[in-house]
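Numbering of the sequence shown is given in full-length UniProt numbering, commencing with residue 1 and proceeding in unit increments.
We treat Cβ as the ideally placed atom computed from N, Cα and C, and that holds for glycine.
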Amino acid sequence: MAHYLWKLRPYYRQTAGQLVLGSLAGVVMNTAVVLPAVCLGRAIDAATHFAQGQATRATLLQAVALFAAATLATELPRLGKRWWLMTANARIRANLRADALRGVLAWPMAKLTATPVGDTMARVIGDVEVLGVGIREVIVETWDTLLFLVSFFVAMLVLDWSLTLQALIPVPFAMVLAWAAGRFIHQRTTAARQANGALTAGLQEQLSGIRVARLLGMKQAAQTRIERLADAQAHTNLAVARPRAGLPAVYTTLMAAGIVLVLWQGGEKVIAGAWTLGAFVTYLDLFLRFTGRGFRVPQLVNSVQAGGAAYARLAPLLAAALPARGEHRFASFRAGYLAGTTPRSTLTEPASRVERGLAVSLHNVSFSHGNADAAVTALNQVSLEISAGAFVAVTGPVGSGKSALAKALLGLYPLAGGTVSLDGDAPARHRGDIGYLPQEPFLFSGTVRENITMGREQADLATMSALEIAALAKDVAGFEHGVDAEIGERGIRISGGQRQRVALARAAAAGPRLLVLDDPFSAVDVATEAQIIASLRAEFGRGAPAARQATIVLCSHRLAAFPQADLVVVLDGGRIVERGSHEQLMLAGGLYARIYAAQVAMAQPEDA
């Protein structure tokens with residue numbers, strides 16, 4: 001328990017201002033919390049004396065005023081405590097989710113593809129929520145329960161230490177029960193969070209493939225699977241809910257068992273004249289509020305234990321917490337403060353760029369699909385040099401390694417052997433300089449503009465230029481809302497060719513120094529393909545201004561654009577079998593010449 005709370009201290013530092021103010025308010029509130037009970041007893045005594053003619057009206061009014069002042073001394077700090085501590089807790093949850101997302105984004109691609117999206121969502125959403133409850137219990141209930149109980153315990157000891165110790169004998173038993181219950185609640189919470197992750201992953205998978213399930217008549221099987229996962233989640237949640245709902249009654253009974261002794265001995269003290277009626281009311285109020293709050297201690301323990309289970313699932317996702325650098329020293333006192341963030345206005349792109357395209361070097365590169373136990377070699381000791389700003393076209397039969405070569409250039413996937421360098425550096429050093437269009441481009445639910453700019457502040461002119469490059473400007477002009485048209489989840493509202501070209505516009509809009517296109521024209525016609533290639537050459541080719549030039553690597557089974565390439569590379573069986581210009585390879589009469597001739601023949605109209 002303490003281990004995970006200790007590990008979270010960077011998040012406490014991020015919200016230090018709010019935690020300090022809230023804690024000060026909590027200390028004031030829960031130190032003064034005994035005053036209303038004391039002042040109430042004195043007010044009752046004053047009223048009794050006034051009724052008996054032993055006190056003046058002024059004395060009674062003074063006692064009532066003191067009671068009102070004591071109540072205000074407790075309730076006013078409560079407002080500040082709730083505001084600052086609840087705000088800090090919300091900020092900690094937000095920072096945890098942001099760091100979890102940063103951590104996932106830094107995962108190797110192999111881990112990303114092997115981890116169910118639904119399970120990751122369950123951890124980032126549900127486990128952060130459970131962990132947030134545990135943190136809230138610590139930062140709030142430390143004052144509202146622990147200091148609260150200490151204040152009341154001390155006040156009761158001052159009034160009658162013997163009666164207090166006797167009446168509170170059952171309390172240690174409640175504490176022992178809480179610690180014992182905490183262990184199995186931790187275990188059951190872990191099982192419940194795992195079941196929730198499995199259900200979320202199953203729902204995400206079934207909803208994503210709902211069209212396939214309908215076409216294949218698998219709706220009943222999908223429904224049965226989700227029902228089974230939902231049933232498992234319900235059972236594990238009930239396994240947590242039952243003890244957490246039932247134990248408070250046991251705790252309260254144990255904590256309040258001493259009330260019989262208080263009424264018995266307290267009544268005798270009043271009859272004997274040892275206590276006034278006001279003193280008895282004060283002690284009774286203190287005891288009832290102590291026992292009424294005491295059950296929160298076991299709940300606090302159980303919530304913190306559940307938070308530990310959630311943290312164990314969340315920890316593998318978390319990136320290191322962002323430090324608050326270059327920010328005002330009192331920034332953490334603001335309610336909306338997020339540590340480590342930079343104002344959006346500073347996230348603009350450079351006004352100009354002098355770099356040219358990236359030079360690419362592959363030396364004995366081997367690349368495999370799948371994990372180490374079931375790896376399939378896609379590239380085998382491939383070596384290739386591409387000069388900066390060149391247009392290189394790569395082709396080959398199905399399974400020859402075209403997509404593997406494209407992935408190797410990105411630096412996102414581990415190589416089975418060899419090295420890839422971009423301008424002499426590892427690809428990771430140039431992550432923001434690479435534009436990539438995969439065979440199956442992913443579009444986000446949003447507008448055309450949002451999918452192209454990807455959060456960058458980009459002028460409309462640059463967006464329209466990217467659409468022109470992708471031969472999509474006319475299509476978008478026909479949309480009801482133009483570039484602000486909603487394209488639906490994964491671009492479901494537009495055609496396959498339009499989805500491909502939106503993704504191409506996104507890659508072009510980033511101003512890449514290396515543009516990797518993996519079979520980008522499978523859903524467009526030959527005329528549109530030729531138009532796009534011409535636009536890419538004009539925008540990023542060697543004839544473009546130096547600041548805009550980019551190296552282009554086109555991997556495709558369609559060869560219509562290959563005559564324009566500076567270098568053609570032919571793969572077969574994961575190896576380079578031919579390389580050279582289009583003219584050279586046609587004269588050689590090898591595999592490339594045969595593929596090209598076959599495609600030209602297929603494109604010729606048949607004789608009538």
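Problem set entry | Thr346 in three-state terms, based on DSSP | Your numbering for residue 346 matches position 346 in the sequence shown. Note that Thr346 has pLDDT 38, beneath the 50 cutoff, so the model's placement of it is unreliable and no number is given.
Problem set entry | Pair within 7 Å by beta-carbon distance, Leu536 and Arg501 | Locating residue 536 in the sequence shown gives position 536, counting from the first residue. Locating residue 501 in the sequence shown gives position 501, counting from the first residue. Against a cut-off of 7 Å, the Cβ pair of Arg501 and Leu536 comes out as no contact.
Exercise. When DSSP labels each residue in this structure, what does Tyr436 get in the three-state scheme?
Worked result: Here residue 436 refers to the residue found at position 436 when the sequence shown is read from its first residue. If DSSP states are grouped into helix, strand and coil, Tyr436 belongs with the strands.
Problem set entry | Beta-carbon proximity of His363 to Thr453, cut-off 7 Å | The residue labelled residue 363 in the question sits at position 363 within the sequence shown. The residue labelled residue 453 in the question sits at position 453 within the sequence shown. Pairing His363 with Thr453 gives a Cβ-Cβ distance that is not under 7 Å.
Exercise. Identify the residues that DSSP records as bridge partners of Arg575: which are they?
Worked result: As a first step, residue 575 is located in the sequence shown; it is residue number 575 there, counting from the start. The partner list for Arg575 (beta bridge, DSSP) reads Asp572.
Exercise. Starting from Leu76 and walking both ways along the alpha helix (DSSP H), at which residues does that stretch end?
Worked result: Here residue 76 is taken as the residue at index 76 of the sequence shown, counted from 1. Residues Arg57 to Leu105.
Exercise. Is it true that the CB of Phe173 sits closer than 7 Å to the CB of Leu261?
Worked result: Locating residue 261 in the sequence shown gives position 261, where the first residue counts as 1. Locating residue 173 in the sequence shown gives position 173, where the first residue counts as 1. No, these two residues do not count as a Cβ contact at 7 Å.
Exercise. What are the partner residues of Ser403, as DSSP defines its beta bridges?
Worked result: For the purposes of this step, residue 403 is identified with residue 403 of the sequence shown, where counting begins at 1. DSSP lists no partner for Ser403.
For this session: Rounded to whole angstroms, what's the CA-CA distance from Val600 to Tyr436? Just pull it up for me.
Result: Translated into positions along the sequence shown, residue 600 becomes position 600. Translated into positions along the sequence shown, residue 436 becomes position 436. Distance between the alpha carbons of Val600 and Tyr436: 28 Å.
For this session: Return the residue from the list Gly41, Glu205 and Val20 that minimises the CA-CA distance to Lys81.
Result: Residue mapping note: residue 81 aligns to position 81 of the sequence shown, counting from 1. Closest option to Lys81, Cα to Cα, is Val20.
Problem set entry | Stretch-stretch touch, CB-based, cutoff 8 Å, three pairs: the region 514 to 529 with the region 422 to 438 | Judged by pairs of C-beta atoms under 8 Å, the region 514 to 529 touches the region 422 to 438, as three or more such pairs exist.
For this session: Within its chain, find whatever has a CB closer than 7 Å to the CB of His235; leave out the 5 residues flanking it on each side and keep chain order.
Result: By one-based count along the sequence shown, residue 235 stands at place 235. Excluding positions up to five away in sequence, the list is empty.
For this session: Please state whether DSSP places Val282 in a helix, a strand or coil.
Result: In the sequence shown, the residue the question calls residue 282 occupies position 282. For the record, residue 282 in the displayed sequence is Thr; it is not Val. Thr282: helix per DSSP, three-state reduction.
For this session: Can you tell me the Cβ-Cβ gap for Ser366 and Gly417, rounded? I've got them flagged as a contact below 8 Å.
Result: As a working mapping, residue 366 is identified with position 366 in the sequence shown. As a working mapping, residue 417 is identified with position 417 in the sequence shown. About 4 Å; that satisfies the 8 Å criterion.
For this session: Excluding the 5 residues preceding and the 5 following Arg188 in the sequence, name in chain order all residues of the same chain whose CB lies nearer than 6 Å to its CB.
Result: Along the sequence shown, read from residue 1 onward, the residue named residue 188 stands at position 188. The residues are Ala239 and Val240.
Exercise. Is Thr59 near Ala46, with beta carbons less than 7 Å apart?
Worked result: On the sequence shown, residue 59 is found 59 positions in, with the first residue counted as 1. On the sequence shown, residue 46 is found 46 positions in, with the first residue counted as 1. By the CB criterion at 7 Å, Thr59 and Ala46 fall inside the cutoff.
Exercise. Within 10 angstroms of its Cβ, does Ser23 collect 16 or more other Cβ (buried), or is it exposed?
Worked result: As a position in the sequence shown, residue 23 is number 23, starting the count at 1. Buried is the label assigned to Ser23, since at least 16 other Cβ atoms lie within 10 Å of its Cβ.
For this session: Pair every Cβ in the region 142 to 154 with every Cβ in the region 290 to 297, then say whether three or more of these pairs are closer than 8 Å.
Result: yes
Exercise. Between Ile125, Leu405, Ala110 and His430, which lies nearest to Arg356 when the distance is taken from Cα to Cα?
Worked result: Position 356 of the sequence shown, counting from 1, holds the residue named residue 356. Nearest option by C-alpha distance: His430.
For this session: Mind checking which residues open and close the beta strand (DSSP E) that includes Glu385?
Result: For this step, residue 385 is matched to residue 385 along the sequence shown. Its beta strand (DSSP E) spans residues Val376 to Ile386.
Exercise. Can you tell me whether DSSP reads Thr115 as helix, strand or coil?
Worked result: Taking the sequence shown and counting its residues from 1, one reaches residue 115 at position 115. It is coil, neither helix nor strand.
Problem set entry | Residue burial classification, Val526 (beta-carbon count within 10 angstroms, cutoff 16) | Locating residue 526 in the sequence shown gives position 526, where the first residue counts as 1. That one is exposed.
For this session: Decide if Pro441 is buried, meaning its Cβ has at least 16 other Cβ atoms within 10 Å, or exposed.
Result: In the sequence shown, residue 441 corresponds to position 441, counting from 1. By the Cβ neighbour-count rule, Pro441 is buried, with 16 or more other Cβ atoms within 10 Å of its own.
For this session: For the region 48 to 62 and the region 157 to 168, state whether three or more C-beta atom pairs, one from each stretch, are separated by less than 8 Å.
Result: no
Exercise. Helix, strand or coil: how does DSSP classify Gly53 here?
Worked result: Numbered from 1 along the sequence shown, position 53 holds the residue referred to as residue 53. DSSP places Gly53 in coil when its eight states are reduced to three.
For this session: With distances taken Cα to Cα, identify the nearest neighbour of Gly258 among Trp84, Val176 and Phe287.
Result: As a first step, residue 258 is located in the sequence shown; it is residue number 258 there, counting from the start. Measuring from the Cα of Gly258, the nearest candidate turns out to be Phe287.
For this session: Please confirm if the region 308 to 318 is in contact with the region 154 to 165, defined as three or more CB-CB distances below 8 Å between the two stretches.
Result: no
For this session: Indicate the three-state DSSP secondary structure (helix, strand or coil) for His481 in the structure shown.
Result: Locating residue 481 in the sequence shown gives position 481, counting from the first residue. Coil, per DSSP.
For this session: Could you check if Asp144 is buried or exposed, using at least 16 other CB atoms within 10 Å of its CB as the buried criterion?
Result: Reading the sequence shown from its first residue, position 144 is the one you call residue 144. Burial of Asp144 is indicated by the presence of at least 16 other C-beta atoms within 10 angstroms of its C-beta.
Exercise. Which term fits Glu137, buried or exposed, when burial requires 16 or more other beta carbons within 10 angstroms of its beta carbon?
Worked result: Translated into the one-based positions of the sequence shown, residue 137 becomes position 137. Result: buried.
Problem set entry | Which listed residue (Arg193, Ala222, Leu284 and Gly118) has its alpha carbon closest to that of Ala306 | In the sequence shown, residue 306 corresponds to position 306, counting from 1. Selected option, being the one with the closest Cα: Arg193.
Exercise. In terms of residues, what are the limits of the beta strand (DSSP E) holding Leu362?
Worked result: Translated into positions along the sequence shown, residue 362 becomes position 362. Run containing Leu362: Val360 to His369, per the beta strand (DSSP E) assignment.
Exercise. Do the CB positions of Arg579 and Gly389 come within less than 7 Å of each other?
Worked result: Translated into the one-based positions of the sequence shown, residue 579 becomes position 579. Translated into the one-based positions of the sequence shown, residue 389 becomes position 389. No, the Cβ-Cβ distance between Arg579 and Gly389 is not below 7 Å.
Exercise. With a CB to CB cut of under 8 Å and the five nearest residues on each side skipped, what residues in its chain are close to Gly589?
Worked result: Stepping through the sequence shown from its first residue, residue 589 is reached at position 589. For Gly589, where only same-chain residues beyond five positions count, there are no Cβ hits under 8 Å.
Exercise. If we call anything under 7 Å between Cβ atoms a contact, is Tyr12 one with Gly308?
Worked result: The count along the sequence shown starts at 1 and reaches residue 12 at position 12. The count along the sequence shown starts at 1 and reaches residue 308 at position 308. No, these two residues do not count as a Cβ contact at 7 Å.
Exercise. So Thr463 is in the alpha helix (DSSP H); what residue range does that whole segment cover?
Worked result: Looking up residue 463 in the sequence shown gives position 463. Per DSSP, Thr463 belongs to the alpha helix (DSSP H) from Asp460 to Ile469.
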